[in-house]
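Please read the structure below before turning to the comments.
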Amino acid sequence: FMSHIHSFMSLIFIHLYHLYSFIYICVEGNIASGKTTCLKYFGKTNNIEVLTEPVSKWKNVHGHNPLALMYQDPARWGITLQTYVQLTMLVNHLSCPSTSLKMMERSIFSAKHIFVENLFRSGRMPAVDYAVLTEWFDWITTNISIPVDLIVYLQTTPETCYQRLKHRCREEESAISLDYLESIHQLYEDWLVKRTYAALPAPVLVIPGDHDLQKMLQLYEENRNTIFSACSS
Ligand SMILES: Nc1ncnc2c1ncn2[C@@H]1O[C@H](COP(=O)(O)OP(=O)(O)OP(=O)(O)O)[C@@H](O)[C@H]1O
Ligand SMILES: Nc1nc(=O)c2ncn([C@H]3C[C@H](O)[C@@H](CO)O3)c2[nH]1
Numbered sequence: 324f325m326s327h328i329h330s331f332m333s334l335i336f337i338h339l340y341h342l343y344s345f346i347y348i349c350v351e352g353n354i355a356s357g358k359t360t361c362l363k364y365f366g367k368t369n370n371i372e373v374l375t376e377p378v379s380k381w382k383n384v385h386g387h388n389p390l391a392l393m394y395q396d397p398a399r400w401g402i403t404l405q406t407y408v409q410l411t412m413l414v415n416h417l418s419c420p421s422t423s424l425k426m427m428e429r430s431i432f433s434a435k436h437i438f439v440e441n442l443f444r445s446g447r448m449p450a451v452d453y454a455v456l457t458e459w460f461d462w463i464t465t466n467i468s469i470p471v472d473l474i475v476y477l478q479t480t481p482e483t484c485y486q487r488l489k490h491r492c493r494e495e496e497s498a499i500s501l502d503y504l505e506s507i508h509q510l511y512e513d514w515l516v517k518r519t520y521a522a523l524p525a526p527v528l529v530i531p532g533d534h535d536l537q538k539m540l541q542l543y544e545e546n547r548n549t550i551f552s553a554c555s556s
């Protein structure tokens with residue numbers, strides 16, 4: 324009996340140790356706002372583990388491409404992609420960090436508050452799908468501790484994102500319109516800046532993202548201490 328208590332207590336300790344001795348930063352922003360570039364920049368620092376969005380999983384789950392399906396027919400395939408995004412972002416978030424600081428591209432929170440919300444508000448997600456996804460999200464975020472210490476919000480205008488998107492031309496995104504980017508932008512502004520809806524899981528540091536690469540790298544360097552000291556407090 325005592326050995327069971329002992330192993331149970333040590334599991335609790337390990338779980339708590341993981342929760343409270345690591346720093347979690349989520350880099351948020353519109354499509355092609357510059358998140359990957361930001362993560363690459365900080366990824367060079369040795370004690371930071373970078374977790375990019377598992378887009379490759381969304382493009383191939385047992386041979387299916389839910390990302391492409393969603394862009395082709397959001398009403399039919401929105402919930403399919405979102406359910407899988409929610410799972411893969413949760414797995415990413417809970418994976419044991421190899422270093423003391425974890426920098427993640429987007430989060431389970433923006434998947435719900437930005438992308439699911441956008442599909443629903445634009446009338447492209449049936450209410451029943453939205454209701455089921457919301458129940459899943461509420462249960463997960465109530466019953467599983469998903470720590471975030473800081474959100475870095477790359478505030479890039481939709482026009483700039485649209486220009487960059489066209490240059491990058493990721494196949495599935497060829498159909499993305501400026502309107503789509505504008506509605507994603509508005510939801511990010513409502514959530515992270517105006518804070519008109521949906522609770523914030525962490526404090527937000529806004530970094531303007533419209534500048535050229537050189538200036539952005541300079542901005543990241545200037546914000547380095549703010550980012551890492553904000554977490555330690
Ligand atoms: N400051 C910048 N100036 C010009 N081009 C940029 C800048 N930052 C990134 N880009 C280019 O814009 C494209 C999108 O950048 P990036 O992949 O960093 O954005 P992202 O937010 O990760 O995109 P997604 O959300 O689709 O993953 C890339 O082709 C990148 O080379
Ligand atoms: N519908 C939808 N829901 C999400 O949670 C989500 N997260 C990212 N994306 C899209 C944006 C880029 O095209 C591409 C890479 O960010 O994937 C998403 N699309």
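Read in the numbering used here, the sequence shown has 532 at position 209, and its numbers run on one by one without any break. Just so it is clear, CB atoms sit at the ideal spot from N, CA and C, and this is done for glycine as well.
Chain-order list of residues whose beta-carbon lies under 6 angstroms from that of residue i (same chain, five-residue window excluded)
i: A498; result: Y394
i: D461; result: none
i: N388; result: K382
i: D452; result: I402
Assumed close pair residue i, residue j - CB separation to whole angstroms, cut-off 8 angstroms
i: I437; j: Y511; result: 6 angstroms
i: M426; j: F365; result: 6 angstroms
i: I371; j: T422; result: 6 angstroms
i: S506; j: N441; result: 5 angstroms
i: L477; j: V378; result: 17 angstroms between Cβ atoms; not a contact.
i: L515; j: T360; result: The Cβ separation is near 19 angstroms, so there is no contact.
i: L473; j: A434; result: With 8 angstroms as the limit, L473 and A434 do not qualify as a contact, their Cβ atoms being about 18 angstroms apart.
i: L362; j: V373; result: 5 angstroms
i: S348; j: I550; result: Note that residue 348 corresponds to Ile in the displayed sequence, not to Ser. Indeed they touch by this definition, with Cβ atoms about 7 angstroms apart.
Cβ neighbours of residue i in the same chain (closer than 7 angstroms, five flanking residues each side left out)
i: T479; result: G352, N353, S356, G357, G532, D533
i: V384; result: Y407
i: E376; result: E428, R429
i: K380; result: T411
i: P481; result: N353, L501, L504, E505, H508
i: S445; result: S506
Sheet register partners of residue i (DSSP bridge)
i: G532; result: Per DSSP, none; premise fails for G532.
i: G386; result: Paired residue(s): none; G386 is not in a bridge.
i: Y407; result: In the DSSP output, where bridge partners are listed per residue, Y407 has none listed.
i: M427; result: C349, L374
i: L473; result: I348
i: V527; result: I474
Same chain, Cβ closer than 8 angstroms to residue i, five either side skipped, listed in chain order
i: A450; result: F443
i: T406; result: L456, W459
i: L417; result: I467, I469
i: T519; result: D513
Any chain D beta carbon closer than 8 angstroms to residue i
i: Y453; result: Annotation note: the requested chain D is absent from the structure, which comprises a single protein chain.
Quiz item: Is the stretch 479-492 touching the stretch 536-545, taking contact as three or more C-beta pairs under 8 angstroms?
Solution: no
Quiz item: At a cut of 8 angstroms, does the stretch 406-421 reach the stretch 328-338 through at least three beta carbon pairs?
Solution: no
Quiz item: Are the stretch 467-486 and the stretch 445-459 in contact at 8 angstroms, needing three or more beta carbon pairs?
Solution: no
Quiz item: Considering only residues of the stretch 452-507, which uninterrupted alpha helix (DSSP H) runs meet the minimum length of 4 residues and lie entirely inside it, listed in chain order?
Solution: 481-491
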